[in-house]
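Numbering-wise (my numbering), the sequence shown opens with residue 3 and increments by one.
Glycine residues also receive a C-beta, built at the ideal position from the N, C-alpha and C atoms.
Only a predicted model underlies this, so the values are computations on that prediction, with no experimental measurement involved.
The structure under discussion appears below in the form of structure tokens.
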Amino acid sequence: MFFSIKIRLALAGIAMLHAGANVFAAEGPPSKPVRFIVPFAPGGGTDIAARVYAATLTRQTGQNFVVDNRPGASGAVGVDITAKAPPDGQTICIISASNTVNSAVNPKLTYDLARDLQGISQITSAFFVLVVHQSSPIKSTKDLIAIAKVQPGKLNYGSSGAGGITHLAGELFSNLAAIRMVHIPYRGESAAIADLLGGQTQLQFASPLNAGPHLNSGKLRALGISSGKRNPALADIPTIAESGLPGYDVSQWYGVITSAKVSPTQISRLSRSFASASKEPEIMQRLRTDGVDAVSSTPAEFHSHIKAEIGKWAKLVKETNLQLQ
């Protein structure tokens, strides 16, 4: 009798796990594929994350998730398509922190990210490392601020492009520290790091993926990480906030959105699917190789995060009279 009860409990547990991983199957999957829009070109971080999640979701749910790259206008083209798609829950879009920057600084957008789109779930979280050349006299965040105050406009920093998240990371740093640095935009992070290594720039907010090899070789020195709390992957590196600039917090992240007209039931179902996928070892391991953590959130949590990010960057642009066009 006891053995029989154990078998029934085990089978019930397996059924519950299966139901949690396959929420579409429990509720009846839609008959057509889910269009998973990536508003950037193939090969980038958002594209890689979308394809990793799409493959896992297709396997878990039995519903095809098909990646559709729609680059243009700093991610605005793909988001606009999502906002105007039929509100049947069959069109979703991956966005990054850069999309909230775009919404904060570009008055010509054809959509309102916080009004016309609805968050489904945040799916990744990452940070930047504030790095300088190993020969630099700057040893800490406090050193950087002190030198910049004495020599306003003498220090410059590279970014992956004007109006991008690493550009705004530098502008937020300057604003909070009440200093002035010169921004040097590049076409991509790799080009910016090359000039940092060559001595053409003095500092940079770089991804762990691109900065890591140069930190390990000793060619670059890390002053701090941009997120609000330390990361286990770089546990010996303090946050910028704790090492000289209280209140500083900039994260890179990816998340999934859909039209605001999609029903809460469909959005909740999609959110649960992404939450289940984020726990898959395959996804966690693949993203970790890029210095990214797989995460999840409720639709309400992610939508609040989107609005907070837009507000933060809009406030910065207004306070600094930043010209990005």
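Could you name the residues of the same chain whose beta carbon sits closer than 6 Å to that of residue i, not counting the 5 residues immediately before and after it, in chain order?
i    : result
R288 : V54
F67  : V36, F38, A56, L59 and T60
S299 : S123 and Q124
K263 : P89
L272 : I122
Quick one: Cα of residue i to Cα of residue j, how far?
i    : j    : result
S176 : V36  : 42 Å
K151 : Q65  : 57 Å
G214 : H305 : 32 Å
P89  : G172 : 38 Å
P154 : R223 : 22 Å
R182 : A196 : 23 Å
S137 : F130 : 21 Å
E303 : K309 : 10 Å
L178 : S261 : 35 Å
S209 : R232 : 15 Å
R189 : T203 : 15 Å
K221 : P139 : 14 Å
D70  : P41  : 8 Å
V79  : N108 : 13 Å
K141 : S219 : 17 Å
S98  : G201 : 30 Å
W315 : L174 : 9 Å
A75  : A193 : 21 Å
G230 : A128 : 11 Å
H216 : K156 : 24 Å
P234 : V81  : 33 Å
T267 : G77  : 27 Å
Ignore the nearest five residues each way along the sequence and tell me which others in residue i's own chain have a CB closer than 7 Å to its CB.
i    : result
A51  : I96, I125, T126, Y256 and L289
I83  : I39 and R72
G226 : L132, T143, I239, P240, T241, I242 and S245
E321 : N177
A85  : Y113, D118, L119 and S261
S270 : P301
Output needed for residue i: all residues of its chain with C-beta closer than 8 Å, excluding positions within five of it in sequence on either side, in chain order.
i    : result
D285 : First, the amino acid is wrong: residue 285 is Ile here, not Asp. So the qualifying residues of the chain are V54, Y55, T58, A279 and A296.
Y159 : G172, M183, V184, H185, I186, T203, Q204, L205, Q206 and F207
L324 : V107, E173 and L318
A180 : K151
Quick test of your reading: residue i and residue j, contact by CB under 8 Å. State the CB separation rounded to the nearest angstrom.
i    : j    : result
H185 : S161 : 6 Å
G293 : L198 : Their Cβ separation, rounded to whole angstroms, is 18 Å, which puts G293 and L198 out of contact at 8 Å.
L205 : L247 : Actually they are not in contact, since the Cβ atoms of L205 and L247 sit about 13 Å apart, beyond 8 Å.
A106 : V319 : 6 Å
I312 : A148 : Actually they do not touch by this definition, with Cβ atoms about 33 Å apart.
> Three or more beta-carbon pairs under 8 Å between the stretch 109-121 and the stretch 42-51, yes or no?
Replying inline: Between the stretch 109-121 and the stretch 42-51, the count of C-beta pairs closer than 8 Å stays below three; the two stretches do not touch.
> Is the stretch 158-170 in contact with the stretch 94-107, if contact means three or more CB pairs nearer than 8 Å?
Replying inline: Touching, yes.
>> What ranges does the beta strand (DSSP E) occupy inside the stretch 126-174, keeping only unbroken runs of at least 3 residues that lie completely in it?
In response: The beta strand (DSSP E) runs of length 3 or more contained entirely in the stretch 126-174 are, from start to end of the chain, 131-135 and 158-161.
> With contact counted as at least three CB pairs below 8 Å, one residue from each stretch, are the stretch 87-94 and the stretch 219-238 in contact?
Replying inline: The stretch 87-94, when compared against the stretch 219-238, does not touch it at the 8 Å Cβ threshold.
> Are there three or more Cβ pairs, one per stretch, closer than 8 Å when the stretch 240-251 is compared with the stretch 273-283?
Replying inline: No, they do not touch.
>> Restricting to runs no shorter than 3 residues, where is the beta strand (DSSP E) found entirely within the stretch 73-107?
In response: Within the stretch 73-107, the complete beta strand (DSSP E) runs of at least 3 residues are 93-98.
>> Which runs of the beta strand (DSSP E) at least 3 residues long sit entirely within the stretch 182-230? Give them in chain order.
In response: Counting whole runs of 3 or more residues, the stretch 182-230 contains the beta strand (DSSP E) stretches 184-187, 205-208 and 222-227.
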